[in-house]
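>
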Amino acid sequence: MEHHKSSSAMDFSNSTATMSTEDSPITSASEVSAISNSSTQIDYGYLKVSVEPLRRKQTPAQCYNCQEFYHHSRLCTRKARCLKYGDSHSTNNCTKPKDTPAKCCLCGGPHTANHSQCPKNPAMRRTFQAAPSDGWNNANALARVNENFPTQQPVATIKSPIVQPKMEQPQDKNQPITENQITNLMNNFLSQMSAILKSVPAHVQ
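First residue of the sequence shown: 102, per my numbering; consecutive thereafter.
Take a look at the structure:
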């Protein structure tokens, strides 16, 4: 019997060694997806490992200091409340026996404060009532709709007279040039020429 036990133990150790050396580590998300799609359970000897895809947490964040929602316990400045029994102390410092019935500090129900079915849990408030199948034929429902959303009266529009913009008369480009304009042009030209000649050095002239 002793020899049989030692041989079986040796075989198990050899098989585990083979398992650790032959199996390559998973390095990509595609390999994880392939494993989860191909097989949902891995059997190895007496071990059964279930492979499931990662599921994100759907419930809102809850503080484990005051047991309220939407903030972290590291940033909480409120008074501590017990997660299990709702007393005014932290959960780690609770001295009540484990068989004491739980009491929620949020709703007073017979469950812990982090129970997913607690009526104070914001996740439970997202449920909506099913729409009635005969909603458009229900007189009471239509009366409530008309009460909440009354029909708006049409707003009277006042028509104002359209004012036509005044068009500017185009100027005639072929107007004759007067003698004064010609004289001014000649004087400007001569003054510019005299200024240029004065700026030229004497040896160039």
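We put the CB at the ideal spot given by N, CA and C, even for glycine.
Where does residue 184 land, buried or exposed, given buried means 16+ other C-beta within 10 angstroms?
For the purposes of this step, residue 184 is taken as residue 83 along the sequence shown, with counting starting at 1. Counting Cβ neighbours within 10 Å, residue 184 comes out buried, since at least 16 surround it.
> Would you say the region 140 to 152 touches the region 160 to 171, given that touching needs at least three Cβ pairs under 8 Å?
Segments in contact, no.
> Is the number of C-beta pairs between the region 187 to 198 and the region 236 to 249 that are closer than 8 Å three or more?
Taking 8 Å as the limit for Cβ pairs, the verdict is that the region 236 to 249 does not touch the region 187 to 198.
> Hey, quick one: how far does the alpha helix (DSSP H) through residue 292 stretch, first residue to last?
For the purposes of this step, residue 292 is identified with residue 191 of the sequence shown, where counting begins at 1. Looking at the DSSP string, the run of the alpha helix (DSSP H) that includes residue 292 is 280 to 300.
> How big is the Cα-Cα spacing for residue 298 and residue 288?
What you label residue 298 is simply residue 197 of the sequence shown in a count that begins at 1. What you label residue 288 is simply residue 187 of the sequence shown in a count that begins at 1. Going by the C-alpha atoms only, they are around 16 Å apart.
> Nearest to residue 168 by CA position, among 155, 278, 189, 156, is which residue?
Stepping through the sequence shown from its first residue, residue 168 is reached at position 67. Out of 155, 278, 189, 156, 189 has the C-alpha closest to the C-alpha of residue 168.
> By a C-beta neighbour count over all protein chains shown, 10 Å radius and 16 as the cutoff for buried, is residue 181 buried or exposed?
Here residue 181 refers to the residue found at position 80 when the sequence shown is read from its first residue. Buried is the call here.
> Using CA atoms only, rank isn't needed, just tell me which of 149, 209, 234 is closest to residue 222.
Against the sequence shown, residue 222 aligns to sequence position 121. Here the closest residue by C-alpha is 209.
> Do you know how far the Cα of residue 170 is from the Cα of residue 199?
The count along the sequence shown starts at 1 and reaches residue 199 at position 98. The count along the sequence shown starts at 1 and reaches residue 170 at position 69. If you take the alpha carbons of residue 199 and residue 170, they lie about 25 Å apart.
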